[in-house]
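Asks: Using my numbering, the letters of the sequence shown correspond one by one to residues 504 to 638. Sharing a structure with you now.
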Amino acid sequence: MYPVPLHFDLRKVVFCLQKIALLEGKRLGDVNIVFCNNPYIYRLNVEYLKHFYPTDVITFDYSSYPVVAGDIFIGVDVVRANAQRFSVTFQAELLRVIFHGLLHLCGYKDKTKAQRLQMRRKEDYYLKLFTDYAD
504 MYPVPLHFDL RKVVFCLQKI ALLEGKRLGD VNIVFCNNPY IYRLNVEYLK
554 HFYPTDVITF DYSSYPVVAG DIFIGVDVVR ANAQRFSVTF QAELLRVIFH
604 GLLHLCGYKD KTKAQRLQMR RKEDYYLKLF TDYAD
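See the structure below:
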């Protein structure tokens, strides 16, 4: 597992997560963010989702309405690669996947094309809303 990435203010992230939860009609409970390397996130992906590749985020939901709670595992190596691939900063991509994880805890899915589009629109909306936190 990784330490918290450099230049990443967790207090600001918690503020964003609290606001997003409220805007989604929920309340932020215990949400753990775990930063992982490729081998660790790969093992989680195989064990729990039967996907045989590393990924950027895996969320385990323990929510009980209206409180959102769970574990958000972040594949830091994949996030870093995706930031380069999409020509965005590491911070912005990291914030995107954290928001993505929280949106799962709020009940959003991403199995179908329509669900993925809805999820992406929510991510973009919240990234724009909290643009100062992505730098």
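Heads up, the beta-carbon is just placed ideally off N, CA and C, and yes, glycines get one too.
For residue 611, collect the residues of the same chain with a Cβ closer than 8 Å to its Cβ; drop the 5 residues on either side in sequence, then sort them by chain order.
Replies: Counting only Cβ-Cβ distances below 8 Å, and skipping sequence neighbours, we find 618, 621, 622, 625.
Asks: Pick from 543, 567, 564: whose alpha carbon is nearest that of residue 556?
Replies: Among 543, 567, 564, the Cα nearest to that of residue 556 belongs to 543.
Asks: Could you give the uninterrupted runs of the beta strand (DSSP E) lying entirely in the region 570-599, keeping only those of 3 residues or more?
Replies: You should have 570-578.
Asks: CA-CA distance, residue 545 and residue 583?
Replies: Cα-Cα distance, rounded: 15 Å.
Asks: Which stretch, first to last residue, makes up the alpha helix (DSSP H) that contains residue 541?
Replies: Start and end: 541-547.
Asks: Is residue 604 helix, strand or coil when you go by DSSP?
Replies: Here residue 604 sits in helix by DSSP.
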